[in-house]
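Novice: This note's numbering numbers the first residue of the sequence shown as -3 and each following residue consecutively. All residues carry an ideal CB built from backbone N, CA and C; glycine is no exception.
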Amino acid sequence: MEKKFRQVNVLTFVGITVVMATLVITAFQSGHPWSLTCYQCRACNLKCPLGYDVAKYVAAAYSNNPDIYMSAQNLQLRLKTAYETDPNMIVEIDGNEMTAMEAHKKYPEDMMVYVRKLRVKDAARFDPLEGACETTCPIGLPITSIIRDLKEDGKFG
Ligand code: SF4
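(1) Once the 5 residues before and after serine 67 are set aside, which same chain residues still bring their CB inside 7 Å of it?
(2) Kindly identify the DSSP beta-bridge partner or partners of valine 111.
(3) Please classify tyrosine 79 as buried or exposed, where buried requires at least 16 other C-beta atoms within 10 Å of its C-beta.
(4) Is isoleucine 139 near ligand 1 - that is, is its Cβ less than 7 Å away from at least one heavy atom of it?
(5) Check each candidate in Met107, Val87, Gly91 and Met108 and name the one with the smallest Cα separation from glutamate 98.
(6) On the premise that aspartate 106 lies in contact with arginine 74, defined as a C-beta separation below 8 Å, what is that separation, rounded to the nearest angstrom?
(7) If I measure Cβ to Cβ from lysine 147 and keep anything under 7 Å in the same chain, skipping five residues before and after, which residues do I get?
(8) Please report the distance separating the alpha-carbon of leucine 137 from that of lysine 43.
(9) Output the residue ranges of the alpha helix (DSSP H) runs that lie fully inside the region 19 to 90 and measure 4 residues or longer, sorted by chain position.
(10) If I'm right that alanine 57 touches isoleucine 143 with Cβ under 8 Å, what's the distance once you round it to whole angstroms?
(11) Got a sec, what are the start and stop residues for the alpha helix (DSSP H) glutamate 126 sits in?
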């Protein structure tokens, strides 16, 4: 029994080490290694005028994956723009959430829709870069450097 516990402990340790090592590597690959120091308190979300889940920018940086989705509360786009940006973007019309592709089949494309979920790289594209998130971060992380980076070409680095 004791031997089994030891094996489980070793496997857990190895698993955690692999996950941590992977995160360190991907954070360096994105060019934003400081993102690993984010402790996901989400204080940066509180002042975003678009109601973005800003902490997802940081999560995208340490995982080197600008395709992860973040939520939004106050971003409005034309349906055409939403659909052309990402057909899988989640939009809200008359209180109902659906993909931009589904909405595009049913509604006029010049209609304004609320965006509820979008890829981090697309969020950066529509981000006004006010920087309120950065001034709110208790450890002063340079969040806007991620947004600027992604604004260029939707990729890190
Ligand atoms: S406020 Fe700073 S530490 Fe907190 S989630 Fe945002 S970036 Fe991370």
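Specialist: With the given structure in hand:
(1) So the list reads Asp49, Arg112 and Lys113, once near-sequence residues are dropped.
(2) Under DSSP, the beta-bridge partners assigned to valine 111 are Val87.
(3) Its Cβ being crowded by 16 or more others within 10 Å, tyrosine 79 is buried.
(4) Result yes, Cβ under 7 Å from ligand 1.
(5) For glutamate 98, the nearest C-alpha among the options comes from Val87.
(6) A Cβ-Cβ distance of about 6 Å is found for the pair arginine 74 and aspartate 106, placing them in contact under the 8 Å criterion.
(7) Cβ neighbours of lysine 147 beyond the five flanking positions: Ala120 and Arg121.
(8) Each residue's CA atom was taken as its position, placing leucine 137 and lysine 43 some 15 Å apart.
(9) Taking only runs of at least 4 residues, the alpha helix (DSSP H) segments lying wholly in the region 19 to 90 are 51 to 58 and 75 to 81.
(10) Contact between alanine 57 and isoleucine 143 fails: their C-beta atoms lie close to 10 Å from each other, not under 8 Å.
(11) Boundaries for glutamate 126: no alpha helix (DSSP H) harbours it, and the DSSP string shows neither H nor E there.
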